[in-house]
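> Residue numbers (full-length UniProt numbering): 1 to 126.
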């Protein structure tokens, strides 16, 4: 990965963590993990030379759920951004790929709030 790309991605993540007032609580040598209301976690990690994945992961064992209802609640909606959705047993994952060009605070915050909104909507299906 080029150093300028790494710097752009790191700067975007640092700005995001500062905005959330979590920058001082995160180990800078590790990938950030943010717990949302103890219901699910959001991870960020690199996937290739110029992008990262922001992923929300929930364990569904504590929720009453139906895979068909989860699939219905996560159908793509025209005109709005839709995260990628996977459900494997009791693990639900929603994720977005963020490229170096999208590593700005407004875009990262939009993806972050989209993941939270979609995950909370899915978990409220119980």
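We treat Cβ as the ideally placed atom computed from N, Cα and C, and that holds for glycine.
Pull up the distance between the alpha-carbon of residue 99 and that of residue 51, whole angstroms please.
Indexing the chain shown from 1 puts residue 99 at position 99. Indexing the chain shown from 1 puts residue 51 at position 51. One C-alpha to the other measures close to 4 Å.
> Let me confirm a value: residue 89 is counted as buried when at least 16 other C-beta atoms fall within 10 Å, else exposed. Which label applies?
Here residue 89 refers to the residue found at position 89 of the chain shown. The residue in question, residue 89, is exposed, as its Cβ has fewer than 16 Cβ neighbours within 10 Å.
> From residue 18 to residue 60, what distance separates their C-alpha atoms?
Within the chain shown, numbered from 1, the residue matching residue 18 stands at position 18. Within the chain shown, numbered from 1, the residue matching residue 60 stands at position 60. Approximately 30 Å, taken between the alpha carbons.
> What does residue 88 pair with, by DSSP beta-bridge criteria?
On the chain shown, position 88 is the one that residue 88 refers to. The partner list for residue 88 (beta bridge, DSSP) reads 91.
> Just to confirm, is the Cβ distance from residue 111 to residue 55 under 8 Å?
Taking the chain shown and counting its residues from 1, the one referred to as residue 111 is at position 111. Taking the chain shown and counting its residues from 1, the one referred to as residue 55 is at position 55. No, Cβ-Cβ distance for residue 111 and residue 55 is not below 8 Å.
> Out of 108, 115, 103, 102, which one is the CA nearest neighbour of residue 92?
Indexing the chain shown from 1 puts residue 92 at position 92. Among 108, 115, 103, 102, the Cα nearest to that of residue 92 belongs to 115.
> Looking only at its own chain, which residues have a Cβ that is under 7 Å from the Cβ of residue 32, when we skip the five neighbours before and after it?
The sequence position of residue 32 within the chain shown is 32, counting from 1. Here the set comprises 13, 17, 26, 44.
> Going by DSSP in three states, residue 113 sits in which element: helix, strand or coil?
As a position in the chain shown, residue 113 is number 113, starting the count at 1. Residue 113: helix per DSSP, three-state reduction.
> Going by beta-carbon coordinates alone, are residue 87 and residue 11 separated by less than 8 Å?
As a first step, residue 87 must be located in the chain shown, where it is residue number 87. As a first step, residue 11 must be located in the chain shown, where it is residue number 11. Contact flag unset, no.
> If I measure Cβ to Cβ from residue 108 and keep anything under 7 Å in the same chain, skipping five residues before and after, which residues do I get?
Locating residue 108 in the chain shown gives position 108, counting from the first residue. The residues are 12, 16, 98.
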